[in-house]
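Trainee: Structure incoming, see below.
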Amino acid sequence: MYNDTEKSARRLEEWLKTLEQFNLPDWESLPQLDLYMDQVVLLLTRYLEPMYTGEDERFVTASTINNYVRMKVMPPPVKKKYSRVHIAYLVIICTLKQSLCISQIQQMLPVDREEASVRAVYTEFVERFRAVASFVCRTPFSQDRSSLENGGLIMTAAILSVFSKSLTDFLLYESGGEEYED
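Pasting the structure below:
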């Protein structure tokens, strides 16, 4: 069921190294020129690919982006072009969709779709993302090789995921959200 400890330790070290080096782009690093859909997909893949290790299918496609627009999760493109506001929405959405449903993510996005509001939310998101990534890299369980035996780290990570999801659900529900379906 579980890999041998040495192999798991090497994989964990690789993952932690990738996490330490991974950064979401700052607002100022997002393109200032508007992009077409295929350019957006390529850009998001480059930005987010390190987070999607081990997944076979593409995590962002033109049809998924079109669905976010159709569902009004993000603003529609202007003359088939996507601005830095759209890219910011998509970075947040694609990052969070690994553990949250779209209706939950939508509650976390700015209601006011003006650039200043989106910039503020995006900047806060990137800062918090970096802080949490740094925290994960420093946690004792991620450095403890003995926790790799018998799947201890796998269980710990899964349980942390459960508590994180539960806390998110609770906070969003308390802030006026609806109950969520998976």
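Residue numbers (the working numbering): 2 to 183. Note that beta-carbon positions come from the ideal geometry of N, C-alpha and C, so glycine has one too.
#1: Just the Cα atoms here: how many angstroms apart are residue 75 and residue 32?
#2: Which partner residues does residue 110 have in the DSSP bridge list?
#3: Could you check whether residue 38 and residue 10 sit closer than 8 Å to each other, using their CB atoms as the reference points?
#4: Taking its Cβ as the centre, do 16 or more other Cβ atoms sit within 10 Å of residue 85, making it buried, or is it exposed?
#5: Per the DSSP calculation, residue 79 is bridged to which residue(s)?
#6: For residue 36, which residues does DSSP report across the bridge?
#7: Could you give the C-beta distance for residue 120 and residue 28, rounded to a whole number, given that I count them as a contact under 8 Å?
Mentor: Taking the geometry as given:
#1: 17 Å
#2: Paired residues: none, contrary to the question.
#3: no
#4: buried
#5: 82
#6: 83
#7: 5 Å
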